[in-house]
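A short write-up of the structure that comes next.
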Amino acid sequence: MKPKIFVARAVFPEVLARLEQHFEVESNQDDRIYSADELLAKAHGKHGLFTTPSEPVTAALFAANPQLKAVCNMAVGYNNIDVAAATQAGVMATNTPDVLNETTADFGWALMMAAARRITESEHFLRAGKWKKWSYDSFVGPDIHGATLGIIGMGRIGQAIARRSLGFDMQVLYHNRSRLAPEQEARANNARYVSKQELLQQADHVVLVLPYSKDTHHTIAAPELALMKPTATLTNIARGGIVDDAALIAALREGRIAAAGVDVFENEPSFKPEFLDLSNVVLTPHIASASTPTRLAMANCAAGNLIAALSGQRPPNLLNP
Ligand code: DGY
Numbered sequence: 001m002k003p004k005i006f007v008a009r010a011v012f013p014e015v016l017a018r019l020e021q022h023f024e025v026e027s028n029q030d031d032r033i034y035s036a037d038e039l040l041a042k043a044h045g046k047h048g049l050f051t052t053p054s055e056p057v058t059a060a061l062f063a064a065n066p067q068l069k070a071v072c073n074m075a076v077g078y079n080n081i082d083v084a085a086a087t088q089a090g091v092m093a094t095n096t097p098d099v100l101n102e103t104t105a106d107f108g109w110a111l112m113m114a115a116a117r118r119i120t121e122s123e124h125f126l127r128a129g130k131w132k133k134w135s136y137d138s139f140v141g142p143d144i145h146g147a148t149l150g151i152i153g154m155g156r157i158g159q160a161i162a163r164r165s166l167g168f169d170m171q172v173l174y175h176n177r178s179r180l181a182p183e184q185e186a187r188a189n190n191a192r193y194v195s196k197q198e199l200l201q202q203a204d205h206v207v208l209v210l211p212y213s214k215d216t217h218h219t220i221a222a223p224e225l226a227l228m229k230p231t232a233t234l235t236n237i238a239r240g241g242i243v244d245d246a247a248l249i250a251a252l253r254e255g256r257i258a259a260a261g262v263d264v265f266e267n268e269p270s271f272k273p274e275f276l277d278l279s280n281v282v283l284t285p286h287i288a289s290a291s292t293p294t295r296l297a298m299a300n301c302a303a304g305n306l307i308a309a310l311s312g313q314r315p316p317n318l319l320n321p
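First residue of the sequence shown? That's 1 in full-length UniProt numbering, and the numbers climb one at a time after it.
Written as structure tokens, this is what we have:
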């Protein structure tokens with residue numbers, strides 16, 4: 001008899017077909033968002049779950065489903081899964097690292113550049129029929145080339161962002177849990193390891209790429225924003241909760257920093273409506289990894305982890321210690 005799985009969100013039909021070759025699949029192709037309690041109920045009788053960052057996978061779910069063997073998240077981030085509880089319950093948890101590094105780095109650049117060069121703000125102006133003349137000071141903002149890039153969270157995506165800065169003649173500062181090896185720093189456009197404070201004080205463009213945990217909650221709040229240059233930009237492609245959104249809104253409103261690019265929000269898909277009143281922020285709905293090839297690779301990576309886990313092999317991207 002095939003193991004039973006629940007696919008918690010809509011996925012590519014070819015990935016669903018691949019899963020159906022191995023498992024008895026119940027899937028949520030209507031793409032309804034399940035609450036933690038609903039997911040707990042859907043997990044009844046299932047050996048595996050295919051999840052995304054939107055599904056809270058809780059200790060209560062593991063306690064109510066002792067038959068569960070694996071939870072495979074279609075994302076590199078896995079703060080939606082209580083991995084400690086999974087480990088205690090003997091459930092394998094996996095993520096999808098690496099396959100999205102370059103696509104996510106591309107998007108970090110796009111968002112940072114759009115914020116700095118005021119692309120969406122000026123497009124709204126044009127679409128609203130307000131463009132009547134060229135002016136020397138219309139939509140001026142900071143430069144990207146020759147500027148200092150500050151990356152907080154220098155994992156594989158952070159390093160991919162740093163590598164791209166070579167073509168823009170930028171200096172790179174980074175802050176991370178630990179310092180990179182010298183050859184990694186060299187490949188990352190000779191990135192220089194500094195304290196968070198020094199990075200915030202010196203960088204012209206700050207990009208956040210660190211994982212969310214209780215230790216990284218509000219890594220950027222009012223005191224950190226106060227350290228930044230008034231001409232600087234802040235780009236968050238990491239997770240909501242890493243930035244104190246209320247503090248960011250206040251800093252943008254008061255012009256204490258120049259602009260921000262925000263792809264992830266505290267409590268998304270809800271977000272603070274005050275963001276919408278600001279013209280110096282570019283807002284996107286958690287799409288940093290959203291290229292078609294990368295999303296397909298992420299789905300296949302999660303499927304591969306699930307297939308390995310439920311056939312008695314060690315899944316390639318096991319998170320449990
Ligand atoms: C991830 O993989 O964690 C992304 O945020 C999802 O797009």
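Yeah, the Cβ is synthetic: ideal placement off N, Cα and C, and Gly gets one too. Just so it is clear, the structure is predicted and the values come from calculations on it, not from any experiment.
Extent of the continuous alpha helix (DSSP H) run through residue i
i: residue 237; result: No alpha helix (DSSP H) contains residue 237, which DSSP labels as neither H nor E.
i: residue 59; result: 59 to 64
i: residue 246; result: 245 to 253
i: residue 67; result: Careful: residue 67 lies outside any alpha helix (DSSP H) and carries neither H nor E.
i: residue 38; result: 36 to 42
i: residue 83; result: 83 to 88
i: residue 162; result: 156 to 164
Proximal residues to residue i (C-beta, below 8 Å), its chain only, five neighbours per side dropped
i: residue 221; result: 243, 244, 247
i: residue 278; result: 249, 252, 253
i: residue 310; result: 3, 5, 22, 23, 47, 48, 69, 70
i: residue 66; result: 89
i: residue 230; result: 255, 256, 257, 258
i: residue 346; result: What the structure shows of the chain is the stretch from 1 to 321, and residue 346 is not part of that stretch, so it cannot be assessed.
Contacts around residue i, its chain only, beta-carbon distance under 6 Å, and the 5 residues preceding and following it disregarded
i: residue 224; result: 200
i: residue 303; result: 15, 18, 19
i: residue 172; result: 149, 162, 165, 189, 191
i: residue 130; result: none
i: residue 157; result: 101, 104, 105, 209
i: residue 89; result: 62
i: residue 216; result: 210, 242
i: residue 185; result: 191
i: residue 271; result: 265
Residue i classed as buried or exposed, judged by whether at least 16 other C-beta atoms fall within 10 angstroms
i: residue 204; result: buried
i: residue 240; result: buried
i: residue 47; result: buried
i: residue 263; result: buried
i: residue 69; result: buried
i: residue 133; result: exposed
i: residue 214; result: exposed
i: residue 183; result: exposed
i: residue 175; result: buried
i: residue 55; result: buried
i: residue 289; result: buried
i: residue 144; result: buried
i: residue 111; result: buried
i: residue 153; result: buried
i: residue 1; result: exposed
i: residue 269; result: exposed
i: residue 232; result: buried
i: residue 33; result: exposed
i: residue 295; result: buried
Contacting residues, own chain, Cβ-Cβ under 7 Å from residue i (five flanking each side not counted)
i: residue 164; result: 105, 109
i: residue 122; result: 139
i: residue 266; result: 240, 241, 245
i: residue 305; result: 72, 94, 315, 316, 317
i: residue 86; result: 62, 71, 93, 320
i: residue 147; result: 170, 204, 205
The beta strand (DSSP E) enclosing residue i, as first and last residue numbers
i: residue 27; result: 24 to 27
i: residue 313; result: It is not in any beta strand (DSSP E) - residue 313 carries neither H nor E in the DSSP assignment.
i: residue 5; result: 4 to 7
i: residue 49; result: 48 to 51
i: residue 172; result: 171 to 175
i: residue 322; result: Shown here, the chain extends from 1 to 321; a query on residue 322 therefore has no answer.
Expected contact under 8 Å - CB spacing of residue i and residue j to nearest Å
i: residue 82; j: residue 99; result: Incorrect: roughly 24 Å between the Cβ atoms, too far for contact.
i: residue 210; j: residue 237; result: Not quite, the Cβ-Cβ distance comes to about 10 Å (not below 8 Å), so this is no contact.
i: residue 118; j: residue 141; result: 5 Å
i: residue 43; j: residue 6; result: 6 Å
i: residue 329; j: residue 107; result: For residue 329 there is no data in the structure shown, the boundaries of the chain being 1 and 321.
i: residue 206; j: residue 234; result: 5 Å
i: residue 114; j: residue 261; result: 6 Å
i: residue 8; j: residue 39; result: 6 Å
i: residue 299; j: residue 12; result: 5 Å
i: residue 80; j: residue 53; result: 5 Å
i: residue 275; j: residue 282; result: Residue 275 to residue 282, Cβ: 10 Å. No contact.
Alpha helix (DSSP H) runs contained entirely in the segment 182 to 222, provided each spans 4 or more residues: 182 to 187, 196 to 202, all fully within the segment 182 to 222.
Which ranges would you report for the beta strand (DSSP E) in the segment 91 to 147 if only whole runs of at least 3 residues count? DSSP runs (the beta strand (DSSP E)) wholly in the segment 91 to 147: 92 to 94.
Please list the segments of the alpha helix (DSSP H) lying wholly inside the segment 257 to 310, counting only runs of 4 or more residues, in order along the chain. Secondary structure in the segment 257 to 310: the alpha helix (DSSP H) runs of 4 residues or longer, each lying completely within the stretch, are 292 to 309 in chain order.
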